[in-house]
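First up is the structure itself, then whatever we jot down about it.
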Ligand SMILES: C[S@@+](CC[C@H](N)C(=O)[O-])C[C@H]1O[C@@H](n2cnc3c(N)ncnc32)[C@H](O)[C@@H]1O
């Protein structure tokens, strides 16, 4: 498989979405950023840097932060090239309005990656090494948890049980809402059966799970986020 395969990017991509993308994907308002916000996994996104500037107590978590700073910088740079090549390979699967075209898309990701690189050097305390489905945080430590382009995106290698365990963990560390975007896999396919099964397990465990439309669509048909809230009273057997 080539890394430009439109259906499969290969290894988990360390992408660098911008604050503007997060704002649109998660329908963020000023009040959403008034408290403690977790980006999981954050990759090289500049959300944390930008949200902190706006006054949020923002934390980013990702396993990739275990890599030494110089190597991480090199990786982040090469990953934006890999991401652009993957996107261009499947160009007709995307709605380009938000970015204008592939050049605008690439420029936004590059600017975001550079902001991330500066911010992790200046504020390493905001960036925590951790992996789903077990995060190094206390119960209810965050008011809002955002999860972009990991769950559902990599459904080719992460099954329904993993999604359930990961979402239970995101709910554990959150006292407000967990928002997840998108609900498509990386090839742009809807995951109806797996999504329904996972949401069923969460609802039976006592969580509230709602799918809401958002005013952002890049992958065609990818204009919905999952919003979870509530405490789980039980963890039903999965499968
Ligand atoms: C496509 S990036 C998304 C980054 C960012 N949220 C964005 O939208 O630009 C996926 C990220 O998932 C991270 N990742 C891989 N395995 C993980 C795991 N088990 N738990 C949490 N994050 C993981 C990768 O390191 C990578 O940074």
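Numbering (this note's numbering), first residue to last: 600 to 838.
Beta carbons: idealized from backbone N, C-alpha and C, even for Gly.
These figures come from a predicted structure and were not determined experimentally.
Check: Separation of residue 704 from residue 698, as counted between CA atoms; Outcome: 5 angstroms
Check: Ligand 1 site residues, beta-carbon cut 6 angstroms against heavy atoms; Outcome: 611, 612, 613, 614, 615, 616, 640, 641, 642, 644, 661, 662, 663, 730, 731, 747, 748 and 749
Check: Residue 759 in three-state terms, based on DSSP; Outcome: helix
Check: Cβ-Cβ separation, residue 636 to residue 742 (assumed contact under 8 angstroms), whole Å; Outcome: 7 angstroms
Check: The stretch 757 to 773 in contact with the stretch 675 to 683 per 3-pair CB rule at 8 angstroms; Outcome: no
Check: Closest Cα partner of residue 630 within the set 643, 655 and 802; Outcome: 655
Check: Assigned secondary structure, residue 717 (DSSP; H/G/I helix, E/B strand, else coil); Outcome: helix
Check: Sequence-distant residues of the same chain with beta carbon closer than 7 angstroms to residue 817, five excluded per side; Outcome: 693, 694 and 697
Check: Completely contained beta strand (DSSP E) runs for the stretch 729 to 795, where each covers 3 or more residues; Outcome: 741 to 747 and 773 to 780
Check: Residue burial classification, residue 601 (beta-carbon count within 10 angstroms, cutoff 16); Outcome: Note that residue 601 has pLDDT 38, beneath the 50 cutoff, so the model's placement of it is unreliable and no number is given.
Check: Cα-Cα separation between residue 612 and residue 787, rounded to whole angstroms; Outcome: 16 angstroms
Check: Inter-residue Cα distance where the pair is residue 738 and residue 770; Outcome: 9 angstroms
Check: Beta-carbon contacts of residue 640 that lie in its chain and below 6 angstroms, excluding the five residues immediately before and after; Outcome: 661 and 749
Check: Spatially closest choice to residue 620 from 746, 658 and 720, by CA coordinates; Outcome: 746
Check: First through last residue of the beta strand (DSSP E) which encompasses residue 679; Outcome: It is not in any beta strand (DSSP E) - residue 679 instead sits in the alpha helix (DSSP H) that spans 668 to 688.
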